Amino acid sequence: EKGNYRHFMQKEIYEQPTVVAQTLASYLRRSDNSVALPQMDFDLSAVRRLTIVACGTSFYAGMVAKYWFEQFARVPVDIDVASEFRYREPVLEEGGLALFISQSGETADTLAALRHCKAHGQTIAVVVNVPTSSMAREADLLLPTHAGPEIGVASTKAFTCQLAVLAALAAHMAVKKGRLTREQEAEIVHHLLEAPAALNAALDHDDDIAAMAHLVAPARDVLYLGRGQDYPLALEGALKLKEISYIHAEGYAAGEMKHGPIALIDDAVPVVVIAPSGPLFEKTVSNMEEVRARGGQVVLISDAKGLEEAGEGCIATIEMPVVHPLIAPLVYAIPVQLLAYHVAVVKGTDVDQPRNLAKSVTVE
Ligand code: F6R
248 EKGNYRHFMQ KEIYEQPTVV AQTLASYLRR SDNSVALPQM DFDLSAVRRL
298 TIVACGTSFY AGMVAKYWFE QFARVPVDID VASEFRYREP VLEEGGLALF
348 ISQSGETADT LAALRHCKAH GQTIAVVVNV PTSSMAREAD LLLPTHAGPE
398 IGVASTKAFT CQLAVLAALA AHMAVKKGRL TREQEAEIVH HLLEAPAALN
448 AALDHDDDIA AMAHLVAPAR DVLYLGRGQD YPLALEGALK LKEISYIHAE
498 GYAAGEMKHG PIALIDDAVP VVVIAPSGPL FEKTVSNMEE VRARGGQVVL
548 ISDAKGLEEA GEGCIATIEM PVVHPLIAPL VYAIPVQLLA YHVAVVKGTD
598 VDQPRNLAKS VTVE
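Positions 248 to 611 (UniProt numbering) are the ones given, in order, by the sequence shown.
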């Protein structure tokens, strides 16, 4: 049931504060601000190497999580899309942990990669939204997202819930490995618990995004730029736009622009820059200036401080609440989802059932 919403995708975007809170509630203990994971019969502290495999939007959640596993747990992470992973003879050492991320739990390539890892002695952890799915059944450690059924073909709420679970897992692994003190763990949990309110604050800017969607809708190509853990958000923004509005879009690491894609820039190419203020802000802004100097039409997504510093001269700005960097990928998912959504609405495409796509990809 869509209720008061025009599309399932819109409804699911709006459900995010609630479902992320639900998901966090099952992994975080408020009483002492600690992470509480389900029982597992293997030792997380002994994990020397983590392999992450997924497809599409779930893969981008994994890319964000790579930053967290490296930063908090100091564990080496190998990440790949499932269709490549399966065919490249990955090196899987005894005692490794392999982590699969999937909304449906049925994606054929991801499932095949899971079985491959199992056959090669890896412990299998899965983050899935469908607890009765094949991946859930075949896991050693099942970490469900509690997003509820996702009907819109373009994944939205499953993504932010995956991020919530992955952040909890990374923090937990770090504690087990002795890389985080109790105080640091409590601080991380505290920031994660701020996510639902921040997601609500992000949704408050929906009208602004709807009002500027017509600036992007006529474009033939759109670029998305981000750095660090916001780089996967650029990829996700581009994927969402491609999927539902059929506009060609590319996500790029902001610093990689000058190595090629900047040649594409002219005044017909909107460039969406995802840049929360923080340690990487100045770097991203200097890449943005390179784009602007070539006539690029920048849409800047940042917080009040970032917009004040760099918003001038952009064709549009989208304001996000000020958030801790840890939860920025969850919060900045909202404007990239909403931008794709409103552009698709302007173009009149079938938002919930985009052409050529299926909700669950059970063929290889
Ligand atoms: C994008 C999208 C797809 C899925 C991908 C993986 O909006 O929905 O890219 O993310 O097909 O699906 P799951 O997560 O079910 O394995």
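Where is the CB? At the ideal position from N, CA and C, for every residue including glycine. Small disclaimer: the values here were computed from a predicted structure and weren't measured.
(request) Use the C-beta contact count for Leu604: other C-beta atoms within 10 angstroms, 16 or more gives buried, fewer gives exposed. (result) exposed
(message) Within the continuous alpha helix (DSSP H) that includes Asp356, where are the two ends?
(response) 355-366
(request) Give the DSSP bridge partners of Phe347, in chain order. (result) Val300, Val373
(request) State whether the segment 307-322 contacts the segment 473-484, with contact taken as three or more CB pairs (one from each stretch) at a distance under 8 Å. (result) yes
(request) Using 10 angstroms around the beta-carbon of Lys249, count the other beta-carbons present and answer buried if the total reaches 16, otherwise exposed. (result) exposed
(message) Which same chain residues end up closer than 8 Å to Ala293 when comparing Cβ atoms and leaving out the 5 residues on each side of it in sequence?
(response) Gly342
(request) May I ask you to report which of helix, strand or coil DSSP gives Tyr478? (result) helix
(request) Compute the minimum distance between the beta carbon of Ser330 and the heavy atoms of the ligand ZN, and state whether it is under 8 Å. (result) The ligand ZN is not part of this structure, which contains only the ligand F6R.
(message) Is it buried or exposed, Ser349, if we count other Cβ atoms within 10 angstroms and call 16 or more buried?
(response) buried
(message) I'd like to confirm something about Gly303: is its beta-carbon nearer than 8 Å to some heavy atom of the ligand F6R, or not?
(response) yes
(request) Answer yes or no: do Ala359 and Ala320 have a C-beta to C-beta separation smaller than 9 Å? (result) no
(message) Is any non-hydrogen atom of the ligand F6R found closer than 8 Å to the C-beta of Glu503, if you look at the structure I gave you?
(response) no
(request) Rounded to whole angstroms, what's the CA-CA distance from Asp597 to Lys487? Just pull it up for me. (result) 13 Å
(request) Give the DSSP-derived three-state secondary structure of Glu556 in the structure shown. (result) helix
(request) Alpha carbon to alpha carbon, how far is Thr564 from Leu339? Give it in angstroms, no decimals. (result) 45 Å
(message) By DSSP's criteria, Ala496 is part of a beta bridge. Which residues make up the other side?
(response) Val469
(message) Measuring straight from C-alpha to C-alpha, what distance separates Pro508 and Val583?
(response) 20 Å
(message) Taking only three categories from DSSP, how would you classify Leu388?
(response) strand
(request) For Glu537, decide whether its Cβ has a neighbour in chain D, counting only Cβ atoms nearer than 9 Å. (result) The chain labelled as chain D is not found in the depicted structure, where only one protein chain is given.
(request) Could I get the ranges of all uninterrupted beta strand (DSSP E) runs contained in the segment 503-562, with 3 residues as the minimum, in chain order? (result) 517-521, 544-550
(request) Could you tell me if Phe289 is buried or exposed, where buried requires 16 or more neighbouring beta carbons within 10 angstroms of its beta carbon? (result) exposed
(request) Please work out which residues of its chain come closer than 6 Å, Cβ to Cβ, to Thr407, disregarding the five sequence neighbours upstream and downstream, and give them in chain order. (result) Gln263, Val267, Leu577, Ala580
(request) Would you give the residue range spanned by the beta strand (DSSP E) that Val322 belongs to? (result) Per DSSP, Val322 belongs to no beta strand (DSSP E) and is neither H nor E.
(request) Classify Val610 as buried or exposed, calling it buried when 16 or more other Cβ atoms lie within 10 Å of its own Cβ. (result) exposed
(message) Just verifying my parser: in three-state terms, what is the DSSP assignment at Ile491?
(response) helix
(message) Based on DSSP bridge pairs, tell me the residues matched to Met420.
(response) Per DSSP, none; premise fails for Met420.
(request) Look at Ala415 and Val282 and say whether their C-beta atoms are less than 9 Å apart. (result) yes
(request) Indicate the three-state DSSP secondary structure (helix, strand or coil) for Thr407 in the structure shown. (result) helix
(request) State yes or no: is the C-beta of Ala360 nearer than 8 Å to some heavy atom of the ligand F6R? (result) no
(request) Within 10 angstroms of the Cβ of Asp451, are there 16 or more other Cβ atoms? Answer buried if so, exposed if not. (result) exposed
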